[in-house]
Amino acid sequence: MRQYSTGLWKDSDFVKLWLGRTVSHFGSGITGIALPLTAVLILGATPTQMGILAALDGVSVLVIGLLAGVWVDRVRRRPLLIATDLGRAVVLSAIPLAALLGVLRIGQLYLVAALAEMLTGIFNVASPAFLPSLIPQGSLVEGNSKLAMSDSLAEIGGPAVAGPLVQLISAPLAIIFDALSFLFSACSLWLIGKPEPQPPPAAQEQSQSIWSDLVEGLRMVLKNPLLRTLAGSAGIFSLFGNFIGALYALYVIRQLGAPPIFLGLLIAAGGVSALAGAFLAERVVQRFGLGRTVAVGLFMYGATGLLIPLAGGSVALALSLLFLSQLIGDASVSIYLIAEMSLRQSLVPANLLGRTNASIQFLSQGIAPVGALLAGTLGGLIGLRLTILIGVLGVMLAGTWLLLSAVRKV
0 MRQYSTGLWK DSDFVKLWLG RTVSHFGSGI TGIALPLTAV LILGATPTQM
50 GILAALDGVS VLVIGLLAGV WVDRVRRRPL LIATDLGRAV VLSAIPLAAL
100 LGVLRIGQLY LVAALAEMLT GIFNVASPAF LPSLIPQGSL VEGNSKLAMS
150 DSLAEIGGPA VAGPLVQLIS APLAIIFDAL SFLFSACSLW LIGKPEPQPP
200 PAAQEQSQSI WSDLVEGLRM VLKNPLLRTL AGSAGIFSLF GNFIGALYAL
250 YVIRQLGAPP IFLGLLIAAG GVSALAGAFL AERVVQRFGL GRTVAVGLFM
300 YGATGLLIPL AGGSVALALS LLFLSQLIGD ASVSIYLIAE MSLRQSLVPA
350 NLLGRTNASI QFLSQGIAPV GALLAGTLGG LIGLRLTILI GVLGVMLAGT
400 WLLLSAVRKV
């Protein structure tokens, strides 16, 4: 067991991938706090504007998602990962620059968020497709677990640093640290020494119909009952999860009256929990199997989310419930994400991973803008608390679907 759990730490190329991802996600953790706080504190954004800002994530997937899958399967993945890191560094630098020049507007936040999410969408399709070429097939759960640890460490450190940074140098200027983190990630990827196999000749044939490539990836998902269920459940998760994500900062700061620094600490607490989940994921998968782990992990995340709309009374009591929700829920969703990605990588041939990842991302996250826009509209009509409750119940529905499906039996 010890050898299985620690083997990839001896792989210098995997460590470079892990280190670059850790630093870039640390920076993104800062932006995850600083960007909505820029909208709320600097630009006085309304619930509708916050919904639009959150919706841009899913819009970017709709615009470029499927094409990214075709592109990823036609080229080597590592140079593409480097290029997207460099692109995000340039794009994010525009926010602190505009703030220093005194010309920052909500429209600029929309544009930067959209461009950055498009590049992130390409990266998120290429990264899991690149991993099986870097490590042995039998180490995929270990590799995904360690990369999830990276995400969790960043979620702990990034938001925890973001709160003080926002108070010391302002929310827009804090984003420069994210731009620098992407430069570090690009250098780490560039230093990986293991040669990446060339795509199959058929995949590199540029005259091959892009449409046929798109259809092939979608067909792979829709014809496989397990992949179809994973994509459908992820779509429900994405739709209703955006009810929570789009309004969480507004809910914590305006409705509960918590200082901005506590928003970062809440998310950092979730990062501690997600780190614990990443450590436990291999053991949980070995004990219960990939399918059951996927199903129970998502359902548990939704169930513990009930504590968010239930938070009330004094600020101290409300924050205590939110901290509890973060601690339990983030461990559950961390295990879910690791198991889901490992199951997907095990089911799909390497030459189709890019298109399959893109198709699932398109089918699931493409509906996210609807959730974010609905959240913004409902938040203004029926209040933040009730809107978030609807989102939590929707996430529980996604987990219930998996529990009742054939995925649980894998």
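Numbers 0 to 409, taken from numbering that gives the first Met the number 0, label the letters of the sequence shown in order.
Note that beta-carbon positions come from the ideal geometry of N, C-alpha and C, so glycine has one too.
Cβ contact (3+ pairs, closer than 8 Å) linking the stretch 325 to 334 and the stretch 294 to 310: yes
Cβ shell of Pro95 (< 7 Å), same chain only, five flanking positions each side left out: Pro171, Leu172, Ile174 and Ile175
Per-residue DSSP class, three states only, for Lys222: helix
Distance CB(Gly398)-CB(Thr386) smaller than 8 Å: no
Environment of Lys145 [buried if 16+ CB atoms lie within 10 Å]: buried
For Ser237 and Ala230, the rounded distance between their alpha carbons: 10 Å
Through-space distance from Ala349 to Gln2, alpha-carbon basis: Confidence at Gln2 is low in this model, with a pLDDT of 41, below 50, so the placement of that residue should be treated as unreliable; the coordinate-derived value is given next. Answer to the nearest angstrom: the Cα atoms are 26 Å apart.
Local Cβ density within 10 Å of Leu403, reported as buried at 16 or more and exposed below that: exposed
Nearest candidate by alpha-carbon position, reference Asn143, set Gly101, Gly375, Leu309 and Val284: Val284
Separation of Met299 from Ala338, as counted between CA atoms: 14 Å
Close beta carbons around Asp81, own chain, < 8 Å, minus the five adjacent residues each side: Before going further, note that residue 81 is Ile rather than Asp in the sequence given. Excluding residues within five positions, the ones whose Cβ falls inside 8 Å are Ala185, Leu188 and Trp189.
Buried or exposed (CB count within 10 angstroms, at least 16 for buried), Ser206: Because the pLDDT at Ser206 is just 44, under 50, the model does not fix this residue reliably, and the value given afterwards should be weighed accordingly. Exposed, because fewer than 16 other Cβ atoms sit within 10 Å of the Cβ of Ser206.
Cα-Cα separation between Ala115 and Ala38, rounded to whole angstroms: 16 Å
Rounded separation between Leu396 and Leu99 - CA only: 45 Å
N- and C-terminal bounds of the alpha helix (DSSP H) containing Ala113: Ile105 to Leu133
Whole-angstrom C-beta distance between Thr21 and Ser149, which should lie under 8 Å: 4 Å
Entirely enclosed alpha helix (DSSP H) segments - the stretch 10 to 64, minimum 4 residues: 11 to 36
For Pro158 and Leu262, the rounded distance between their alpha carbons: 8 Å
Cβ neighbour criterion (16 or more within 10 Å) applied to Leu225: buried
Assumed close pair Val406, Ile243 - CB separation to whole angstroms, cut-off 8 Å: Val406 to Ile243, Cβ: 23 Å. No contact.
Assigned exposure category for Ser211 - 16 Cβ within 10 Å defines buried: exposed
Val102 classed as buried or exposed, judged by whether at least 16 other C-beta atoms fall within 10 angstroms: exposed
For Ala53 and Ala245, believed in contact at Cβ under 8 Å, the rounded distance: 4 Å
Status (buried if at least 16 other CB within 10 Å, exposed otherwise) for Gly410: Lying outside 0 to 409, the shown extent of the chain, residue 410 is not represented and no answer is given.
Option nearest Thr30 by Cα separation, candidates Gly137, Ala93, Ala317 and Ala125: Ala93
Contact the stretch 68 to 86 vs the stretch 123 to 134: 3+ CB pairs below 8 Å: yes
C-beta contact flag for Val71 and Gly353 at 8 Å: yes
The stretch 310 to 321 in contact with the stretch 253 to 267 per 3-pair CB rule at 8 Å: yes
Alpha-carbon to alpha-carbon, Leu152 and Leu34: 20 Å
Where Gln197 sits in the DSSP three-state scheme: coil
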